[in-house]
Each structure stands twice: as C-alpha cells, then as structure tokens.
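FYI, this note's numbering numbers position 98 of the sequence shown as 79, with every residue one higher than the one before it. The beta carbon of each residue, even a glycine, is placed where N, CA and C say it ideally should be.
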Amino acid sequence: MHLIAFFFAASLAFTAHAAPDDTLKAYPAKLVAPDTWVITGPLGEPSVENQGFMNNPAWIIAGDQVIVIDPGSSVQAGRMVVQAIKKSTRLPVTTVYNTHVHGDHWLGNQAILDAWPKAVLIAHPDMIAKAKAGEAESWVNMMSRLTEGYTDGTRAQIPTVAATDGMTSKIGTHTFKVHSSNDAHSKTDIMIEVDNGVLFTGDNVLNGRVARMDDGTFVGNIKAIDHASKLPIKIVVPGHGNVGGTAILKAQRDFFQILFDTVKTEYDAGKSDFEMKPAVAKKLAAFKKWHGFDADLGKQVSLAVLEVEQQ
Ligand SMILES: [Zn+2]
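Following this line, the structure appears as structure tokens:
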C-alpha cells in the first residue's frame, strides 16, 4: 500500500509540466579529448522519466569560441547544455552543427540562440528542407507527447546554413570537416570530423542501442560507416551511447551487415519477415544486450526485407 502510494506520487511529480524557464536536471559533462566535452545522455526512447533527453550533446572549445554539436531534444535540455558549457568556459558559442533531422538531437538549438543569438546553425541541406516541410513540427509534437508535456515551450530553430560533403571550416583554433550522405540513418546525416581526432557520427553509429531505421537505409548506413572507418580519428562520439574508440564503428557495422545479410539469405529462401526473425536474432546474439534489441528487432527485420525487395 505504501509502495503504491509512493509510485503514484512519484509519477505525479514526473508528469508536472515544465515551468517557463525550466531546465533539465544536470548530467555530467566529460572531457573526452583535448578541448572536447560530451554529455552522455541516457539510453532509451524519449519518455516522462528522461524528460525527452537521450542524445549526446557536445562542444569544442576552439581558442576564442565554442562549437556545439547536437544540443539536445528540447529547450529545457538545451538550457542544461548551456549551463554545462558556461561551467567549462566563458567563451561564446558561435557555431552549431546538427547531425540530422531527428528532433532529439537539435530542438535544443533554441536555448543556444537564447544564450548566444549570433550563433550560426549548420546542417545537411535535406535536414533543413525536411525540417521546414513538417518534420520540425512533428518532432516538437512527438517530444511533447512522449514526455507528457514536459518539453512544451520548445520551438524549432531550424539551421540556416547548408553543409556540403567535404566542407571544411577553420573555426577558432580547430578545423571541422563535414562527411555527408543521402542514404544513411535518416538520409539527412552529416558526420563531423575535428582535427583533434574526434568524429561525431550522429545516429549513423550508436553504441549499445538498436537504431531507428524507419527513415534510412541499411546499405547506405554501412557505406557511411566504411567512410568513417578510413578517417584519421581516434575517438568516436556516437549519436547515443558511450563515447569510445573506433571499435564502436566496427560493432555498428557488424550489426547492420549481419542483420542485412541474414535477412537476404532468409528472403531468398522464401521466408517471411515473421519467420526469419529467430534466425536473425540468433546471428545477432552478440548484440542481444543492446537497448531495444527485443523490442525493435522485428521492425528492423521488416525494414531490411523492404530494402532487400527494392534491390
Ligand atoms: Zn536519429
């Protein structure tokens, strides 16, 4: 009885809406490479419990200014990121890269612009186009729904500068190179290589979590990882999950390749997606601890079947 009352009270506390200037609870920021800070978000889907926050916001201190990558999923998350940046430096944010159109990565832009109104927002041209064509609004609504209104007050600040593949920018004391594709995780993805050996992969690479592939292709995502694997980098900051070395790239590639190859073999043998799921799960046994493995594998198999059919 006591326990039930406790959980009821706890859930009431969680469902309280954000106050106008509400800021997400602070998550620790870690220096993962020289001048490079990352806040590792919790693994999982946007929810009431995580207040919609689950990505990996990051910033690079580059001499006289700061460059941000993916400042989070809401204005409330973005404010938490702004506070963490201000703890690490008094320098202003001048530039923000958004890795792709999924709003859990970029709806925090609003808080960056509130703090540093002159900051320039950069993304894939198709990210900008899709956000304008309705994705921005649907992500704002989705975040509100999944957090039961916690993220309300969030407005989409859509990037204005389009990043082309290979675009190299010297910003302050660091150089940033964009690696772009049209057929990977969301078809609007850029990866950002910094000259201190860090690669920000966006959701082309996750660590310990099954990716949502509804908007992308497996073959294109594998191709993007192969490209990333040839870059002179040492540290990989995935879209979700812990920062690590280049082994993260290989693990994500293996997951996709094993999944896709097994689906193709089973498809050629005349199996339906429902029938082939156990065989795919068996081949992917090394990944069964990844977040979402049980819940999302069926959907991934169905998406891979559709992609095989189109080949
Ligand atoms: Zn994504």
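For V121, the secondary structure class from DSSP, reduced to helix, strand or coil, is helix. Taken through DSSP and simplified to helix, strand or coil, P219 comes out as strand. Fully enclosed beta strand (DSSP E) runs of no fewer than 3 residues occupy 74 to 78, 101 to 104 of the stretch 52 to 106, in order along the chain.
Closest option to N163, judged by alpha-carbon separation, among N202, G147, M194, F157: N202. When the beta-carbon positions are compared, H83 and R190 stay at least 7 Å from each other.
Taking 7 Å as the cut-off, the Cβ atoms of V77 and V49 count as close. Within the same chain, and ignoring the five residues on either side of A92 in sequence, the residues whose Cβ sits closer than 6 Å to its Cβ are V56, G59, R60, V63. Those residues whose C-beta sits under 5 Å from the nearest heavy atom of ligand 1 are, from N- to C-terminal order along the chain, H83, D184.
Under the three-state reduction of DSSP, S283 is assigned to helix.
Judged by DSSP in its simplified three-state form, L265 adopts coil rather than helix or strand. Closest in C-alpha terms to L212, from the list G53, G147, L12, comes G147. DSSP lists no beta-bridge partner residue for H166. The Cβ-Cβ distance between K111 and T182 does not fall below 7 Å. Under a 10 Å Cβ-count criterion, L287 is classified as exposed, with fewer than 16 other Cβ atoms of the shown protein chains found around its own Cβ.
When DSSP states are grouped into helix, strand and coil, G225 belongs to the strand group.
Here K151 carries a strand assignment [DSSP, helix/strand/coil].
Counting C-beta atoms within 10 angstroms of its own C-beta, P98 has fewer than 16 neighbours from the protein chains shown and is therefore classed as exposed. C-alpha of G178 to C-alpha of A114: approximately 35 Å in a straight line. Taking T243 as the centre and dropping the five residues before and after it, the same chain places the C-beta of A260, V261, K264 closer than 7 Å to its C-beta, in chain order.
Each residue's CA atom was taken as its position, placing A14 and N188 some 18 Å apart.
For I214, there is no enclosing beta strand (DSSP E), as DSSP marks it with neither H nor E. Under DSSP, W40 shares a beta bridge with W18, V49.
Taking C-beta atoms under 8 Å as the contact rule, T80 and G220 qualify, at a distance of about 7 Å. In the DSSP assignment, L180 falls within the unbroken beta strand (DSSP E) covering 179 to 183.
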